[in-house]
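This report refers to the structure that appears directly beneath it.
Here's what the structure looks like:
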């Protein structure tokens, strides 16, 4: 498994080199947008029984520069672990027929209002039918007017201080997303405060220790990753993953892999089922 993360690191470096070279060329222009409802950016060998994951990274407010690298990392995780990954920014992917193809949907660095009412309704039906949801970082900074979505995620973003190092304390080391990371995990990220503490409604997997960084506003109990069963489906959220270098960090990739695979039913986790 560690070898796959070394591959991801090399891919990250090559992606950065490509961006530098293309940005410096006066003749370069970004490619035209693809109108396809679900754009398959990469996959493992096709199989009629393979688990499929949909990665959705549309933004209607702040856009994270990490999105391309983050997508590439999830695609690589899928190819290494035997599931197919499609990535899109097109809300038309949220139809009953299309969502039925997937075991889980990842809201990756989404911001703002990204789905219309019909698309929201289709996604609600997907979750109620037993689908999985994984939210990464600013997935909590989206769809403030859609109360159901806020409950699915577990909390809405409120504010953050400057990017800095902090210590994460693992509360449940049995979950796939926290089983392989250090019990006291020091890393650099953008540490979100939330409008309300989600603890009473979710199963908290990890907290960030506010005494180890400056500007935190939630106090001694500051959840940063959690999971819960919600409305018939499965939900996992991590507030980490702001910067591109997260997606070449071995521990963060283990965290991300475990979260996605838990809501897709690839990795078993009973701890979350009784919450929500």
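In the working numbering, the protein residues as written are 1 to 276. Beta carbons are placed, not taken as given, at the ideal position from N, Cα and C, and that holds for glycine. What you are looking at is a predicted structure, and each value in this text was computed from that prediction instead of being measured.
Is the beta carbon of residue j closer than 8 Å to that of residue i?
i           : j           : result
residue 205 : residue 177 : yes
residue 243 : residue 163 : yes
residue 188 : residue 142 : no
residue 203 : residue 231 : no
residue 60  : residue 114 : yes
residue 233 : residue 134 : no
residue 217 : residue 272 : no
residue 107 : residue 56  : yes
residue 86  : residue 54  : yes
residue 254 : residue 73  : no
residue 99  : residue 52  : no
residue 224 : residue 170 : no
In the DSSP assignment, find the unbroken alpha helix (DSSP H) run with residue i in it and report its ends.
i           : result
residue 78  : 67–81
residue 125 : 117–128
residue 147 : 147–153
residue 208 : From DSSP, residue 208 is part of no alpha helix (DSSP H) but of the beta strand (DSSP E) over 203–209.
residue 250 : 250–263
residue 96  : 96–99
Terminal residues of the continuous beta strand (DSSP E) containing residue i?
i           : result
residue 84  : 84–88
residue 108 : 104–108
residue 170 : 164–170
residue 157 : 157–159
residue 225 : 223–230
residue 53  : 52–56
residue 246 : First-last for residue 246: undefined, no H or E at that position.
residue 133 : 132–136
residue 189 : 184–189
residue 237 : 233–238
Count the other C-beta atoms from every protein chain shown that fall within 10 angstroms of the C-beta of residue i, then say buried if there are 16 or more, exposed otherwise.
i           : result
residue 194 : buried
residue 130 : exposed
residue 268 : exposed
residue 30  : Only weak support exists for where residue 30 lies, its pLDDT of 31 falling under 50; the value from the coordinates is given anyway. With fewer than 16 Cβ atoms within 10 Å of its Cβ, residue 30 is classed as exposed.
residue 40  : With a pLDDT of 46 at residue 40, under the threshold of 50, the predicted position of this residue should be treated as unreliable, though the coordinate-derived value follows. With fewer than 16 Cβ atoms within 10 Å of its Cβ, residue 40 is classed as exposed.
residue 96  : exposed
residue 78  : buried
residue 132 : buried
residue 58  : buried
residue 246 : buried
residue 210 : buried
residue 221 : exposed
residue 270 : exposed
residue 248 : buried
residue 235 : buried
residue 159 : exposed
Assuming residue i and residue j form a contact by the criterion Cβ under 8 Å, report the distance between their Cβ atoms to the nearest whole angstrom.
i           : j           : result
residue 136 : residue 241 : 5 Å
residue 139 : residue 213 : Not really, about 22 Å apart at Cβ, beyond 8 Å.
residue 146 : residue 119 : 10 Å between Cβ atoms; not a contact.
residue 215 : residue 161 : 3 Å
residue 94  : residue 122 : 5 Å
residue 208 : residue 226 : Contact flag wrong, Cβ pair sits at about 12 Å.
residue 148 : residue 124 : 6 Å
Is there a C-beta anywhere in chain B that falls below 8 Å from the one on residue i?
i           : result
residue 144 : The chain labelled as chain B is not found in the depicted structure, where only one protein chain is given.
For the stretch 191–198 against the stretch 146–159, are there 3 or more C-beta pairs whose distance is under 8 Å?
At 8 Å Cβ cutoff, the stretches touch.
Assess contact between the stretch 255–266 and the stretch 103–113, defined as three or more Cβ pairs (one per stretch) separated by less than 8 Å. Is contact present?
Taking 8 Å as the limit for Cβ pairs, the verdict is that the stretch 103–113 does touch the stretch 255–266.
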